[in-house]
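Protein sequences appear in the order of chains A and B. Number 323 in this note's numbering belongs to position 323 of the first sequence; there are no gaps in the numbering. Number 26 in this note's numbering belongs to position 26 of the second sequence; there are no gaps in the numbering. Positions of the beta carbon are idealized from the N, C-alpha and C atoms, including for glycine.
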Amino acid sequence: MATHVEKTGSSLIQINPSKAPIPFIILGLILLAIGGYATLQVLFKGHEAVYGVTREVPWGLLISTYAYFVITSTGLAFIGGLGHAFGFEKYSKVSKRIVVMAFVILLAGFTQIGMEIGHPIRLMIYMILSPNLSAPIVWMGVFYGIELVILAIELYLVFKPNQTAKDHETAKVVGFFALLVGVFATSNLGYVFGSLNARPFYHGIYFSTFLVISGITAGAALLMVIHNIIYGWNIPEKLNSTMNALGKIMGMGIALMAFLYLWKILSSIYTQPGDAYLSAMALIKGPLSKNFWIGELGLAVIIPFLIIVFTKAKNTKALGVAGIIFMIGLFFTRYDFVVAGQLPPMRKALEGSGVEAVNGLVQYSPSAGEWMIFALGWGLFLFLYFMAEKFLNLETDEHH
Amino acid sequence: MNEKRYAIVLDTKKCLNCKACTVACRVENEVPHEDGAYRIWVTALELQGKFPDLHQDFEPSQCQHCQNTPCESVCPTHATYKTPEGVVLVDYDKCILCKACMTACPYDARFVHEHHKAIDKCTMCYHRLAEGREPACVETCPTKVRVFGDLNDPNSQVSKLLDTNRYYRLKEDRNTNPRLYYIIK
Ligand code: SF4
Ligand code: SF4
């Protein structure tokens, strides 16, 4: 129970004396300006003129970044749910940060899908007027929409002054739903890809599972990174057990990711010579191989895993480093996931077929405009999150 | 059955690769001259045989108007829909340009139409059919590679051609049940 009854006015807004958030707020503003410029370009010149996606590879950097953000958000909501609903106190010690981070990073994800889709307003109208219930994109809208509302309620609850026992009960229920809807949202996102007849690489249960697990791992990693930043790489001792627990989640998550990789790659290779095989080969020795070996495996699996194992997840600085490396690597993981499945052409690149291919695969590389929209998402996340760190009280009271 | 079930039967051996069909389609349907904007295409297949006894086949193609329709099932707004005759169409006003249908289509039949700001693809020239006219590509072809007609009418030319010839359809393994039939000769 909160004990600061007399301080209700000051418990929400509280200027953090730490200077740590300031550079990130400024960086966020710069990225927002870059992204704002690209947004205007898109509005005036149209998507086709600014983006590098093609007829053959219709989904590119923006969908990857969208996936990166929203899956991390649901991963955070999952960890928050463990704290709130299932009483894992170690996680509830950082519950305010979890909720703010999950909310803001979900918004960052929405910037990407909003700029990707040709008619975002029409989307809202026709998904209500004539929704196709068999289309996973409809459910994506439903689940992420609900997730946003749940996180908003959680935000209200964690910042509500004068918390009562009833509020804690409500927080438990809401936390549980955040966790549940998050898992549905992410696994359904896997099915958005899995439902594409033309793209066998995505078929099956693999990506739905992989996205959920890697999302939870990302949630843990991001929490460790942000805590290190906020506390100047010197996390207070009272949070050591929390960081240790997050480190363990991350270690376990990475181990599961590696396990899933093994079987996915093997099963794709042995569908030779189908399209799933071509996608896997694009990762292993094709145009995405650097991303795959260095980014996906080196940065998102091997290095952070070794750091966690060697430090037994006890050294919080090392966990912060592992978290950063993981979050960078994970970006390649998301990008490769989205792009690899689309590289096999739908017909041979012969004269007149309209398809151009190199070594039997179509090509895609993001345009400057797409990178600038990517900056928009990061800008929004950094600006809003670190503004919250600076001006709201994100230290969680010990209330359990 | 009084409902029509439209199909196109192609005899590719007759194809000269003159590409008149692609031009006719572009004009009839105002398809813009932009990268990746085309509703139909004619692929020059690999050379076959041994020198000097070489020959080459051409394969005209377009949206297959799949009966099991991968593009329709992923379209969130029902912008992509099937007419009672089985023609797959896009309602430009409902299309949100999520491009799910483009990634779902195993025939790479769809593209973003920059002027309509929506997905576009072959419509079997649906606007002409009510007037009893054939699709532009069918009408224009000098050697009559394509034959258009109603599969539910046993006396239609398409039904007769399919009764008397062996044929294949593209990517049968995708279980899309296409409405374009390629005669084997
Ligand atoms: S060919 Fe492609 S666009 Fe045409 S109906 Fe089949 S899946 Fe849809
Ligand atoms: S791009 Fe348009 S037609 Fe295609 S799935 Fe999305 S809304 Fe439907």
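Determine, using beta carbons only, whether residue 244 of chain A and residue 322 of chain A come nearer to each other than 7 Å. For the purposes of this step, residue 244 of chain A is identified with residue 244 of the first sequence, where counting begins at 1. For the purposes of this step, residue 322 of chain A is identified with residue 322 of the first sequence, where counting begins at 1. Pairing residue 244 of chain A with residue 322 of chain A gives a Cβ-Cβ distance that is not under 7 Å.
Where the segment 30 to 43 of chain B meets chain A: residues whose CB sits under 9 Å from a CB there: Flagged, chain order: 34, 35, 36, 37, 38, 41, 42, 43.
Do residue 77 of chain B and ligand 2 come close, with the Cβ less than 6 Å from some heavy atom? For the purposes of this step, residue 77 of chain B is taken as residue 77 along the second sequence, with counting starting at 1. For residue 77 of chain B, the Cβ falls inside the 6 Å cut-off from some heavy atom of ligand 2.
For residue 148 of chain B: DSSP bridge partner residues: Here residue 148 of chain B is taken as the residue at index 148 of the second sequence, counted from 1. Answer is B:8, bridged to residue 148 of chain B.
Going along chain B in order, which residues have a C-beta closer than 8 Å to the C-beta of residue 74 of chain A? On the first sequence, residue 74 of chain A is found 74 positions in, with the first residue counted as 1. In chain order: nothing, as chain B lies at least about 20 Å away.
Which chain B residues sit within Cβ distance under 9 Å of residue 273 of chain A? As a working mapping, residue 273 of chain A is identified with position 273 in the first sequence. Those within 9 Å of residue 273 of chain A in chain B number zero; the least Cβ separation is about 13 Å.
If you run the structure through DSSP and keep just helix, strand and coil, what is residue 136 of chain A? Stepping through the first sequence from its first residue, residue 136 of chain A is reached at position 136. It is helical.
Which whole-angstrom value is the C-beta distance of residue 370 of chain A and residue 60 of chain A, which I expect to be below 8 Å? Within the first sequence, the letter at position 370 stands for residue 370 of chain A. Within the first sequence, the letter at position 60 stands for residue 60 of chain A. Contact between residue 370 of chain A and residue 60 of chain A holds: their C-beta atoms lie close to 6 Å from each other, under 8 Å.
My output table needs one value for residue 216 of chain A: the three-state DSSP class, helix, strand or coil. Taking the first residue of the first sequence as 1, we reach residue 216 of chain A at position 216. Assigned with DSSP and collapsed to three states, residue 216 of chain A falls in helix.
Nearest to residue 117 of chain A by CA position, among A:79, A:144, A:58, is which residue? As a first step, residue 117 of chain A must be located in the first sequence, where it is residue number 117. The residue with the shortest Cα to Cα distance from residue 117 of chain A is A:58.
Check whether the Cβ of residue 288 of chain A sits closer than 6 Å to any heavy atom of ligand 2, and report yes or no. Your numbering for residue 288 of chain A matches position 288 in the first sequence. The answer is no for residue 288 of chain A.
Local conformation of residue 41 of chain A per DSSP, three classes: Stepping through the first sequence from its first residue, residue 41 of chain A is reached at position 41. Residue 41 of chain A: helix per DSSP, three-state reduction.
Is the CB of residue 126 of chain A under 7 Å away from at least one CB in chain E? Annotation note: the requested chain E is absent from the structure, which comprises protein chains A and B.
Would you report the Cα separation of residue 3 of chain A and residue 162 of chain A, rounded to the nearest angstrom? As a working mapping, residue 3 of chain A is identified with position 3 in the first sequence. As a working mapping, residue 162 of chain A is identified with position 162 in the first sequence. Confidence at residue 3 of chain A is low in this model, with a pLDDT of 38, below 50, so the placement of that residue is unreliable and no value is reported for it.
Run the proximity test for residue 105 of chain B: is its beta-carbon closer than 6 Å to any non-hydrogen atom belonging to ligand 1? Residue numbering aside, residue 105 of chain B sits at position 105 when the second sequence is read from its first letter. Indeed, a heavy atom of ligand 1 lies less than 6 Å from the Cβ.
Using a Cβ cut-off of 8 Å, pull out every chain B residue sitting near residue 342 of chain A, in sequence order please. Counted from its first residue, the first sequence places residue 342 of chain A at position 342. Those within 8 Å of residue 342 of chain A in chain B are 103.
Tell me whether residue 123 of chain B counts as near ligand 2, meaning its Cβ is closer than 6 Å to at least one heavy atom of that ligand. Counting from 1 along the second sequence, the entry for residue 123 of chain B is found at position 123. For ligand 2, not one heavy atom lies less than 6 Å from the Cβ of residue 123 of chain B.
Near ligand 4: residue 70 of chain B beta-carbon under 6 Å from a heavy atom: Ligands present in the displayed structure are limited to ligand 1 and ligand 2, and ligand 4 is not among them.
Hey, which unbroken runs of the alpha helix (DSSP H) at 4 residues or more fall wholly within the segment 292 to 347 of chain A? Taking 4 residues as the minimum length, the alpha helix (DSSP H) runs contained wholly in the segment 292 to 347 of chain A are 303 to 310, 316 to 340, in order along the chain.
Counting Cβ pairs, one atom from each stretch, are 3 or more of them under 8 Å apart for the segment 93 to 100 of chain B and the segment 47 to 66 of chain B? No, they do not touch.
Name, going along the chain, the residues of the segment 55 to 69 of chain A whose beta-carbon falls closer than 8 Å to a beta-carbon of chain B. Taking 8 Å as the upper bound on Cβ-Cβ separation, chain B lies near residues 55, 56, 58, 59 of the segment 55 to 69 of chain A.
Between A:153, A:269, A:364, A:88, which lies nearest to residue 241 of chain A when the distance is taken from Cα to Cα? Looking up residue 241 of chain A in the first sequence gives position 241. The residue with the shortest Cα to Cα distance from residue 241 of chain A is A:88.
If the cut is a Cβ gap below 8 Å, which residues of chain B does residue 334 of chain A touch? One-based indexing of the first sequence puts residue 334 of chain A at position 334. Neighbours of residue 334 of chain A on chain B: none; closest Cβ ~16 Å, over 8 Å.
Output the boundary residues of the alpha helix (DSSP H) element that contains residue 170 of chain A. Indexing the first sequence from 1 puts residue 170 of chain A at position 170. Element bounds for residue 170 of chain A: 165 to 194.
Are at least three pairs of beta-carbons, each pair with one atom in the segment 128 to 136 of chain B and one in the segment 125 to 141 of chain A, less than 8 Å apart? Flag = no, the segment 128 to 136 of chain B and the segment 125 to 141 of chain A do not touch.
Does DSSP put residue 13 of chain A in a helix, a strand or coil? Within the first sequence, the letter at position 13 stands for residue 13 of chain A. Reduced to three states, the DSSP call for residue 13 of chain A is strand.
Apart from the five residues on each side of it in sequence, which residues of its chain come closer than 7 Å, Cβ to Cβ, to residue 87 of chain B? Along the second sequence, read from residue 1 onward, the residue named residue 87 of chain B stands at position 87. Answer for residue 87 of chain B: 6, 65, 123, 124, 126, listed in chain order.
For residue 88 of chain B, which residues in chain A fall below 9 Å Cβ to Cβ? Reading the second sequence from its first residue, position 88 is the one you call residue 88 of chain B. Correct list: empty, because the minimum Cβ distance to chain A is about 13 Å.
Between the Cα of residue 28 of chain B and the Cα atoms of B:35, B:18, B:40, B:17, which residue gives the shortest distance? Taking the first residue of the second sequence as position 1, residue 28 of chain B is located at position 28. The closest CA to that of residue 28 of chain B, considering only B:35, B:18, B:40, B:17, is found on B:40.
Could you pull out every residue in the same chain whose Cβ sits closer than 6 Å to the Cβ of residue 214 of chain A, ignoring the five residues on either side in sequence? Taking the first residue of the first sequence as position 1, residue 214 of chain A is located at position 214. Excluding sequence neighbours, residue 214 of chain A sits near 257.
Short CB-CB distance (under 7 Å) between residue 179 of chain B and chain A: As a working note, residue 179 of chain B is residue 179 in the second sequence. Interface criterion not met: the Cβ of residue 179 of chain B is under 7 Å from no Cβ in chain A.
Any beta carbon from chain B within less than 7 Å of residue 417 of chain A's own beta carbon? Residue 417 of chain A cannot be examined here, being either before or after the span of chain A that is shown, 1 to 400.
For the candidate residues A:65, A:237, A:138, A:274, whose alpha-carbon lies nearest to that of residue 75 of chain B? Sequence index remark: in the second sequence, residue 75 of chain B carries index 75 (1-based). Measuring from the Cα of residue 75 of chain B, the nearest candidate turns out to be A:138.
On the CB-based measure, 16 or more other CB atoms within 10 Å of its CB, does residue 127 of chain A come out buried or exposed? Here residue 127 of chain A refers to the residue found at position 127 when the first sequence is read from its first residue. By the 16-neighbour rule on beta-carbons within 10 angstroms, residue 127 of chain A is buried.
beta-carbon residue 282 of chain A near ligand 2 non-hydrogen atom, thresh 6 Å: Residue mapping note: residue 282 of chain A aligns to position 282 of the first sequence, counting from 1. No, ligand 2 has no heavy atom inside 6 Å of this Cβ.
Using a cut-off of 9 Å between C-beta atoms, extract the partners of residue 100 of chain B located in chain A. To locate residue 100 of chain B, count along the second sequence from 1; it is residue 100. Contact annotation for residue 100 of chain B against chain A: 58, 59, 135, 136, 137, 192, 195, 196 [CB-CB distance below 9 Å, chain order].
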